[in-house]
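K.L.:
Here you go, one structure.
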Amino acid sequence: MSLSPVETPAGTAVPVDQDNHPRSPLARNLLAISALVVFLCLCALGSWQVYRLQWKLDLIARVEQRIHAQPEAAPGRSDWSQVSVARDEYRHVKVSGVFLHAQSSMVQAVTELGSGYWLLTPLRQNDGSLVFINRGFLPSAERVKQELARASSSETLTLTGLLRITEPGGGFLRHNDAAAGRWFSRDVAAMAAAHQLTDVAPYFIDADAASQTDAAGPVAGLTVVRFQNNHAVYALTWYALALMVGLAYWYVRRTDRRR
102 MSLSPVETPA
112 GTAVPVDQDN
122 HPRSPLARNL
132 LAISALVVFL
142 CLCALGSWQV
152 YRLQWKLDLI
162 ARVEQRIHAQ
172 PEAAPGRSDW
182 SQVSVARDEY
192 RHVKVSGVFL
202 HAQSSMVQAV
212 TELGSGYWLL
222 TPLRQNDGSL
232 VFINRGFLPS
242 AERVKQELAR
252 ASSSETLTLT
262 GLLRITEPGG
272 GFLRHNDAAA
282 GRWFSRDVAA
292 MAAAHQLTDV
302 APYFIDADAA
312 SQTDAAGPVA
322 GLTVVRFQNN
332 HAVYALTWYA
342 LALMVGLAYW
352 YVRRTDRRR
């Protein structure tokens, strides 16, 4: 802001604010366009979050329906290429076959029972194909070894559980080490390759509590189904920011009119 003296009739110099005048038409137009662009972008982001909210609510409803539905046959070999998160994740399925205990893998896990391991064992089905079964949770590597040492049954079993999509790569900042047998995620393809298994389903099944017949065995039925749903908060935030931009522009325009 610059001030310059102006002589009054009495001869007294009074400072005058030379910047106290309306913005030029060009500046007003640029300000209006900028405010409009920002306002529309914020509104679009808010509307996108509303759309995501509806999508998430629909997903939660579908998953809840799948979990509590009667178990159906797990996707067979002919359907493996069509298995997807949207269509199959958390489907309540059933399988029959014989466990291959010697090809089991233990995957680090944190559950409501504490930290430990998931025990994943391939099940050879009647058609010869394999599917990994997450038999449940054990609290230590020693317990896993004890379970594998005593689990020698070759009888045909029928199991039920929730279909889960393979988890490739590893955990957060931790990569699976197949050579060392260290698994941080349930990567079906990598575990199959480590045990030289073929014809393996591209998913695994979390055994439910009804499939646990041995109280001393892995604790099944610990699948946690939880979805982050903050879209309503995000939508309100974007809309609030859009309103603030609108109010700021209105204030600037009002100030210009007063000048």
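Every letter in the sequence shown is one number past the one before it in my numbering, and letter 247, counting from 1, is 348.
Think of the CB as a built atom: it goes at the ideal place given N, C-alpha and C, for glycine as much as any other residue.
1) Using alpha carbons as the reference points, say which of R192, L221 and L337 lies closest to Y152.
2) Taking only the alpha-carbon atoms, compute the straight-line gap between I168 and R251 and give it to the nearest angstrom.
3) Can you tell me whether Q209 is helix, strand or coil according to DSSP?
4) According to DSSP, is A317 helix, strand or coil?
5) Terminal residues of the continuous alpha helix (DSSP H) containing A242?
6) Quick one: grab the DSSP three-state call for M102.
7) On the CB-based measure, 16 or more other CB atoms within 10 Å of its CB, does T222 come out buried or exposed?
8) Any chance the region 240-247 sits against the region 184-200, with 3 or more Cβ pairs inside 8 Å?
9) Using 8 Å for Cβ pairs, my map puts V232 next to A279. What's the rounded Cβ distance?
10) Taking the Cβ atom as the reference point for each residue, do E268 and S286 lie within a distance shorter than 7 Å?
11) Using 10 angstroms around the beta-carbon of G215, count the other beta-carbons present and answer buried if the total reaches 16, otherwise exposed.
12) Could you spell out where the alpha helix (DSSP H) holding A162 opens and where it closes?
13) Give a yes or no on contact between the region 155-164 and the region 129-147, applying the rule of three or more CB pairs nearer than 8 Å.
14) Whose C-beta lies closer than 6 Å to the C-beta of I266 among residues of the same chain, with five residues either side of it excluded?
15) Identify whether T222 lies in helix, strand or coil by the three-state DSSP scheme.
16) Measuring only the C-alpha atoms, how far is Q313 from K246?
17) If you drop the 5 nearest sequence neighbours on each side, which residues of the same chain put their C-beta closer than 7 Å to that of S205?
18) For Q150, which residues from the same chain have a beta carbon less than 8 Å from its beta carbon, with the 5 sequence-adjacent residues on both sides left out?
P.N.:
Let's see:
1) L337
2) 32 Å
3) strand
4) coil
5) A242 to R251
6) Its pLDDT being 48, under 50, M102 is placed unreliably in this model, and the value from its coordinates should be taken loosely. Coil.
7) buried
8) no
9) So it is not a contact: roughly 19 Å between Cβ atoms.
10) yes
11) exposed
12) P126 to I168
13) no
14) V186, E190 and Y304
15) strand
16) 18 Å
17) L220, L221, T222 and L249
18) H332, A333, Y335, A336 and W339
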